[in-house]
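Peer 1: Numbers 9 to 407, taken from this note's numbering, label the letters of the sequence shown in order.
Where is the CB? At the ideal position from N, CA and C, for every residue including glycine.
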Amino acid sequence: IPPRFSVVATAPPDSILGLNEAFAADTNPEKMNLSVGVYKDVSGQTPVLRCVKAAEQRLVDGEKTKGYLPIDGQADYRTHVRKLVFGDTIDASRIAVLQTPGGTGALRESAAFLSSQIPGARVWISNPTWANHQAIFASENVPYDSYRYLAADKKSFDVDGMIDDLTTKTRPGDAVLLHACCHNPTGVDPTAEQWNMIAALLSEKQLLPIIDFAYQGFGHGLDEDAVAIRAITNVCDEAIVCSSFSKNFGLYSERVGAVSVVSADSATSAAVQSQLKALVRSNYSNPPRHGAAIVATILDDADLTQMWHAELTEMRTRIRQLRSQFVETMKTTGAGHDFSFLLDQNGMFSFSGLNPMQVDELRQKYSIYIVGSGRINVAGMSEDRMDHLCKVVAAVIEG
Ligand code: PLP
């Protein structure tokens, strides 16, 4: 027989990671990467937070074993996740927390949980959404469809469209994937009142909320960004929250996240925890320790926690300042083009409104790298080269 793998076709490259490779190879000194999904500081680096370095030092000095973690993860880490995500609003015995390899691992375990425990459930996903969402649910054979999210102006939230789709298209028992804050890729979030409306609808239609919480602290603050979680768990007895410490602790490569499943009562919660563990056992057996130990070390220590809060505030503030600086500079150097809608959006990402042709021209002529949809990572902008950025954005808009 011919070599078996000769039938294997090449998979399409990841569109965003492909841009990174092209960026790395680009020799233009004016190049700027607004495509990646990681935070960048003023020097264009993705830094290791000072609190993380300090915690790692303690861990290295005090480490006594490399033995396995429990299947569902490190206990004190799981407690910290619960407190950060839910505060003291829900009885802890109703929440099953599983440490996972990043937010992606949390989403994947949620999809596996749905497909094994709630067969027939469909997931409704916002249009647009993070590029990996559909693929994750497809991998677990969970059917999905989309609900309207971004208004036709591509700048604001289509609240009526979303409510209409969830009211008229869903069946009781379906799941709805929501971005708790800093919607990726649009930066457009519901207001607190709109979250209350959405939560009431979820409850009324018996829809299961799956909340992707990848950016806690990047929008308005750790507590402020949990407004969706509070609104939903106030009225829904059941919910799944997929959280990640990739962004807010800058622990991207350490793969630190969690899935928290809220059940109606503690007996159910214990059964859920056991099923989550069973899923992990046959998948990756148990989670990696280092990243979770860093998070637990920081959150166990008042000084390190304070340091983390300050560093998180620094990241959030810098992103907001870049948004303002870009909008202001577009008014002058950028020939007066109005980008003030960026000020209402949250987190690292925004839809710039640039079309694929303009995005291509920015890359080919000016070495400014943006994803084809026009999504920009605001944190990739450079304070010092804002004039240049605004000049060339104006040039491609004017054609
Ligand atoms: N969910 C959203 C909306 C994201 O943007 C990301 C990362 O970009 C993730 C989940 C996954 O994050 P992690 O790197 O922790 O897997």
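Looking only at C-alpha atoms, which of D99, F145, P21, L209 sits nearest to S7?
Peer 2: One cannot answer for residue 7 here, as it falls past the ends of the chain, which runs 9 to 407.
Peer 1: What does DSSP give as the partner residues of N385 in its beta bridges?
Peer 2: F357
Peer 1: For P20, count neighbouring C-beta atoms within 10 Å of its own C-beta (all shown protein chains included) and say buried if the count is 16 or more, exposed if not.
Peer 2: exposed
Peer 1: Can you give me the C-alpha to C-alpha distance between T137 and I218, rounded to a whole angstrom?
Peer 2: Straight across, the Cα-Cα distance linking T137 with I218 is about 14 Å.
Peer 1: Sort V16, N149, S254 by Cα distance to G45 and report the nearest one.
Peer 2: S254
Peer 1: Helix, strand or coil for W138? Go by DSSP, reduced to three states.
Peer 2: coil
Peer 1: Would you kindly report the start and end of the unbroken alpha helix (DSSP H) that includes G265?
Peer 2: Not the alpha helix (DSSP H): G265 falls in the beta strand (DSSP E), residues 265-270.
Peer 1: Look at the alpha carbon of L362 and the alpha carbon of S381, and state the distance between them as a whole number of angstroms.
Peer 2: 8 Å
Peer 1: Roughly how many angstroms lie between the CA atoms of D392 and E336, to the nearest whole one?
Peer 2: 14 Å
Peer 1: Is DSSP giving Q82 helix, strand or coil here?
Peer 2: Per DSSP, reduced to three states, the secondary structure at Q82 is coil, with no helix or strand assignment.
Peer 1: I'd like the ranges of any beta strand (DSSP E) spanning at least 3 consecutive residues and lying wholly in the region 224-298.
Peer 2: 247-252, 265-270
Peer 1: Which of the three DSSP states, helix, strand or coil, is assigned to Y157?
Peer 2: coil
Peer 1: Under 8 Å Cβ to Cβ from T54, same chain only, skipping five residues before and after it: list those, please.
Peer 2: V46, Y47, K48, G258, Y260
Peer 1: Evaluate D231 with the Cβ neighbour count: other Cβ atoms within 10 Å of its Cβ, from every protein chain shown; 16 or more gives buried, anything less gives exposed.
Peer 2: exposed
Peer 1: Between which two residues does the alpha helix (DSSP H) carrying I327 extend?
Peer 2: 310-340
Peer 1: Grouping DSSP H, G and I as helix and E and B as strand, with all else coil, what is I206?
Peer 2: helix
Peer 1: Which residues in the same chain as T305 place their Cβ atom closer than 8 Å to its Cβ, once the five residues preceding and following it in sequence are excluded?
Peer 2: For T305, where only same-chain residues beyond five positions count, the Cβ hits under 8 Å are A63, R66, L67, L312.
Peer 1: How long is the line joining the alpha carbons of D395 and F334, rounded to whole angstroms?
Peer 2: 9 Å
Peer 1: Which of helix, strand or coil does DSSP assign to T176?
Peer 2: helix
Peer 1: From the DSSP output, in three-state form, read off A343 for me.
Peer 2: coil
Peer 1: Who are D392's beta bridge partners in DSSP?
Peer 2: Bridge partners of D392: none, in fact.
Peer 1: Only counting the same chain, and skipping five residues up and downstream in sequence, which positions put a Cβ closer than 8 Å to that of A146?
Peer 2: Y152
Peer 1: Determine the contact status of S43 and Y377, defining contact as a CB-CB distance below 7 Å.
Peer 2: yes
Peer 1: I want to check one thing, is the minimum distance from the CB of N28 to the heavy atoms of the ligand PLP below 6 Å?
Peer 2: no
Peer 1: D173: buried (16+ other C-beta within 10 angstroms of its C-beta) or exposed?
Peer 2: buried
Peer 1: So, helix, strand or coil for N41, using DSSP?
Peer 2: strand
Peer 1: On the criterion of 16 or more Cβ atoms from any shown chain inside 10 Å, does G26 qualify as buried, or is it exposed?
Peer 2: exposed
Peer 1: By the DSSP assignment, the beta strand (DSSP E) with A129 in it spans what residues?
Peer 2: Here A129 belongs to no beta strand (DSSP E), and DSSP marks it neither H nor E.
Peer 1: What is the DSSP secondary structure of Q65, reduced to helix, strand or coil?
Peer 2: helix
Peer 1: Spell out the partners DSSP gives Q107 in its beta bridges.
Peer 2: A266
Peer 1: Closest to V288 by CA distance: which of D80, M338, R130, S348 is it?
Peer 2: For the set D80, M338, R130, S348, the Cα lying nearest the Cα of V288 is the one of D80.
Peer 1: Which of the three DSSP states is assigned to Y377 in this structure?
Peer 2: strand
Peer 1: Put D352 into one of helix, strand or coil per three-state DSSP.
Peer 2: helix
Peer 1: Are E117 and V267 closer than 7 Å when you measure CB to CB?
Peer 2: yes
Peer 1: To the nearest angstrom, report how far apart M389 and F226 are at their CA atoms.
Peer 2: 16 Å
Peer 1: Thinking V243 and A207 are a contact (beta carbons under 8 Å), I'd like their distance in whole angstroms, please.
Peer 2: 5 Å
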